[in-house]
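Numbering (the working numbering), first residue to last: 8 to 160. Beta carbons are placed, not taken as given, at the ideal position from N, Cα and C, and that holds for glycine. For clarity, every value in this text was computed on a predicted model and none was experimentally measured. What follows is a short report on a single structure.
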């Protein structure tokens with residue numbers, strides 16, 4: 008039977024990757040619906056929407072936030088991979104690795120939701136709070152792994 012004591016944390020790596028990938032899929036679908044997706048020059052799609060005065064500013068801003076959520080996910084993915092691999096290499100307890108992994112996937116999902124839907128300064132502060140809260144999780148695993156390895160002879 009699978010439990011928090013089972014070695015499951017490595018599954019969080021593709022799950023976290025998905026939290027970075029889903030916003031770009033949402034962005035592509037929104038652009039396709041509003042203006043048509045240019046697959047020949049896909050990186051120019053966001054600016055095409057932003058400069059089109061026929062597209063409502065709120066829709067354009069939301070697309071830019073989707074791109075931002077995607078980029079932030081890509082920027083944070085490497086530290087998560089390093090943390091999970093280091094934690095497994097060091098032999099951290101599976102319950103700890105799994106609990107932190109679940110919290111990180113949930114935190115990144117919440118971060119994306121807030122980022123994409125935020126429209127006020129207060130909401131942006133909530134996004135930043137979630138960001139720094141989730142950033143503490145891979146740092147915790149990295150320091151715990153380093154401490155465990157340093158304590159071994």
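Environment of residue i [buried if 16+ CB atoms lie within 10 Å]
i	result
residue 127	exposed
residue 160	Summary for residue 160: the model assigns pLDDT 46, below 50, so the residue's position carries little reliability; its value from the coordinates is reported in the next sentence. Residue 160 is exposed by the Cβ-count criterion.
residue 74	buried
residue 158	exposed
residue 154	exposed
Delimiting residues of the alpha helix (DSSP H) encompassing residue i
i	result
residue 86	64-97
residue 124	101-124
residue 152	128-158
residue 32	19-41
residue 56	52-57
Given residue i as reference, the closest of the options once Cα atoms are compared
i	options	result
residue 102	152, 13, 80	13
residue 123	69, 47, 8, 40	69
residue 85	42, 51, 149	149
Original post:
Within the chosen definition, does the region 103-113 reach the region 46-66 through at least 3 CB pairs nearer than 8 Å?
Top reply: no
Subject >> Touch test, the region 33-50 against the region 8-24, Cβ-Cβ under 8 Å, three pairs minimum >> reply: no
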